[in-house]
Amino acid sequence: MRTETNVLIVGGGPTGLLLALLLNRSGISCKVLEKLSIPSSHTRSIGIHPPSLELFGELGIADSLLAQGVHIRSGRAFYNGQERGRFSFSSCPPPYDFVLAVPQFITESVLREALVAENPSCLQLGCAVHHVTDTGKSVDVLAVVNGTEHHFQAQFVVGCDGKNSVVRAAAGMEFLGSDYPDVYMMGDFTDESDLGAEAGIFLAPSGLVESFPLPNQVRRWVARMPQHVEEPSPEQLAGEIIKRTGNHFDTTSCSMISSFRVSKYVAGTFYSNRTILAGDAAHIVSPIGGQGMNLGWLDAFALSNAFASVFARVDKESDAGKPFRALTRYSDQRKKAALTAQRRSELNMWFGRSHAVGWPRSLAISAILSRPIQPIFAKMFTMRGL
Ligand SMILES: Cc1cc2nc3c(=O)[nH]c(=O)nc-3n(C[C@H](O)[C@H](O)[C@H](O)COP(=O)(O)OP(=O)(O)OC[C@H]3O[C@@H](n4cnc5c(N)ncnc54)[C@H](O)[C@@H]3O)c2cc1C
């Protein structure tokens, strides 16, 4: 079987789904190939930042997400067991002067439903891409659907297929980076704290704890650990949380527990011949600070604009055999944004390191909580300028 389209998007995660929605709205034909037949139900990413909410507002899908998430307008900071103050997002421009907390599987389902409602045949689930051939003039993609080979041809392929991208590998694009020494344990539990709809940041001598409200009276707890925990248990996380924060919760209410290492990677280029990268396929940012998914959406937005200008003038540019200027600009600008996001997440992680306890960290916390600095902190944390 053979299918032709303008843009093939490999990967139907948050980045691929939003890109498809945006291209559909621009009248550019596309197809999303997603290897999973049944979407993942993992909570994974929870923070949706104001620039993404503005974009979703323009697309008409913000209301559905807003109704299903917790609006985090402020947070409380604790240092060595003492509450040091509150930080707030009230300086962010309304109406989105908050960070929305919603489990990733709900976010993905809202994007998926919006896409399928507009173009029912755009998303192909259970379609695993095995080979990508970029001829410089077009791309051929071989995928397997229900054990049967299927060929796709398009003018461009976009790798939205995550960290281990087959699209990136097929194009021979570099992915350079390294692991950080930081390791974390994370779990979702029934909320028994007095934090309500606020975030909590606890800087304890034994390491950082972050805590965020989730819908349905659930709360996420993330603790920096001295070493990687191979088999995380709700009891072990609960022990760390009570020791470092004084908060306790019922371990039998645990709906998710995991431990993870963090790393940073970025592709050498996000554009080569007819292959483009977006989202985690292009960059990995530490989840501390919650930027990865939002960065992928900002890529999708920039790329949809670049494609709009490419398809408006496609014959002229491709006849000349030169790289498309709009896509080169996309690559340069989004790589710069990814490197900035990596630096911001490094600052977040520095706060959490136990050896960073002491006057530099205490001073930094006082600065963040001080009124003149708060708007700058809020701007950085909510991903303005990326
Ligand atoms: C613990 C944790 C917490 C996080 N919290 C946040 C947060 O609060 N805020 C935030 O912004 N980010 C957060 N992130 C990061 C966020 O989860 C990722 O950045 C985001 O999922 C990237 O989306 P993506 O669509 O680019 O890639 P992915 O989510 O990896 O999606 C890739 C898709 O491609 C599909 N695929 C892969 N290979 C193929 C193939 N060969 N053929 C077809 N399909 C394929 C996969 O099945 C998948 O559906 C967190 C990450 C972790 C690990």
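Per our numbering, residue 2 is the first one in the sequence shown, and the count goes up by one each step.
Each residue gets a CB set at the ideal place from its N, CA and C atoms; glycine is no exception.
These numbers come from a predicted model, not from an experiment.
Check: Should Asp281 be listed as close to ligand 1, given that the test is whether its C-beta is under 7 Å from any heavy atom?
Finding: yes
Margin query: Would the segment 290 to 301 count as touching the segment 138 to 155 if we require 3 or more Cβ pairs under 8 Å?
Written below: no
Item checked: Straight-line gap, Thr252 to Asp192 (C-alpha atoms, nearest Å) -> Whole-angstrom Cα-Cα distance: 11 Å.
Margin query: What does the Cβ neighbour count give for Gln455, buried or exposed, with the cut at 16 atoms within 10 Å?
Written below: What is shown of the chain runs 2 to 387, which leaves residue 455 out entirely.
Notebook entry, point to check: DSSP state of Asp141, grouped into three classes?
Noted result: DSSP, read as helix, strand or coil, puts Asp141 in strand.
Next item on the list: Only counting runs of 3 or more residues, tell me where the beta strand (DSSP E) segments fall wholly within the segment 13 to 54, in order along the chain.
Entry: 31 to 35
Check: Hey, how far is the Cα of Cys31 from the Cα of Asp162?
Finding: Straight across, the Cα-Cα distance linking Cys31 with Asp162 is about 15 Å.
Note to self: Across the segment 19 to 29 and the segment 111 to 120, are there enough close Cβ pairs to call them in contact, namely three or more that are closer than 8 Å?
What the structure shows: Taking 8 Å as the limit for Cβ pairs, the verdict is that the segment 111 to 120 does touch the segment 19 to 29.
Notebook entry, point to check: Excluding five sequence neighbours on each side, which residues of the same chain lie with their C-beta closer than 6 Å to the C-beta of Ser53?
Noted result: Correct list, in chain order: Asn295, Trp298.
Check: So what's Asp183 in DSSP terms, helix, strand or just coil?
Finding: strand
Notebook entry, point to check: Out of curiosity, what's the CA-to-CA distance linking Phe88 and Val167?
Noted result: 41 Å
Notebook entry, point to check: Does the distance from the CB of Pro227 to the CB of Arg220 come in under 8 Å?
Noted result: No, the Cβ-Cβ distance between Pro227 and Arg220 is not below 8 Å.
Note to self: When you compare the CB positions of Pro388 and Leu112, do they come within less than 8 Å of one another, or not?
What the structure shows: Here the chain has residues from 2 to 387 only, and residue 388 is not among them.
Margin query: Less than 7 Å separating the Cβ of Phe261 from some heavy atom of ligand 1?
Written below: yes
Margin query: If distances are taken between C-alpha atoms only, which option among Leu143, Ser139, Gly127, Leu126 comes closest to Thr133?
Written below: A quick correction: the sequence has Val, not Thr, at residue 133. The shortest Cα separation from Val133 among Leu143, Ser139, Gly127, Leu126 belongs to Leu143.
Next item on the list: On a CA-only basis, which of Ile285, Glu236, Glu5 is nearest Val250? Give me that one, please.
Entry: Just to set this straight, residue 250 is Phe in the shown sequence, not Val. It is Glu236.
Next item on the list: Just the C-alpha distance for Val210 and Phe90, rounded to the nearest angstrom, thanks.
Entry: When rounded, the distance between both Cα atoms is 20 Å.
Notebook entry, point to check: Hey, how far is the Cα of Ile277 from the Cα of Gln125?
Noted result: The straight-line gap from Cα to Cα measures roughly 20 Å.
Notebook entry, point to check: Looking at the unbroken alpha helix (DSSP H) that takes in Ala172, where does it start and where does it end?
Noted result: Element bounds for Ala172: n/a, residue is neither H nor E.
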